[in-house]
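To start, the structure under review is shown below, and the notes come after it.
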Amino acid sequence: MAAIEISDEVYEALQLPEDEREEVMREELAISLYARDVLSFGKARELTACSHERFSALLGSRGVERHYTDEELTDDLEYALE
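Start counting the sequence shown at 84; every next residue gets the next number (my numbering).
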């Protein structure tokens, strides 16, 4: 697993309770990378360890539109017709 190093000074400067810091940082990174179309929905959701519904809600609360490709639509239609 790769790790991102964050200096102690920056980590301590986060104005969040210590027990929320990692979760919030993962969410921020995942939302940002998904919004930039650098990370897929599934991988961004995996980074947050959120459910599909929770990650969708996070994106919605930030006004980030869901990237929905023609391939995903086809997959969803095939799944629905099974």
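Glycine included, C-beta positions come from ideal geometry on N, C-alpha and C.
Keep in mind that this is a model prediction, so the values were computed, not measured.
Around Tyr-117, the same chain offers Ala-127 as residues with beta carbons nearer than 6 angstroms, after the five sequence neighbours per side are excluded. In the structure shown, Tyr-162 falls within a helical segment according to DSSP collapsed to helix, strand and coil. Straight across, the Cα-Cα distance linking Asp-159 with Arg-149 is about 15 angstroms. Sorting Leu-156, Gly-125 and Leu-130 by C-alpha distance to the C-alpha of Leu-112 places Leu-130 at the top. Taking the Cβ atoms as the reference, Ile-114 lies roughly 7 angstroms from Leu-142, within the contact range of under 8 angstroms. When secondary structure is reduced to three states using DSSP, His-135 falls in the helix class.
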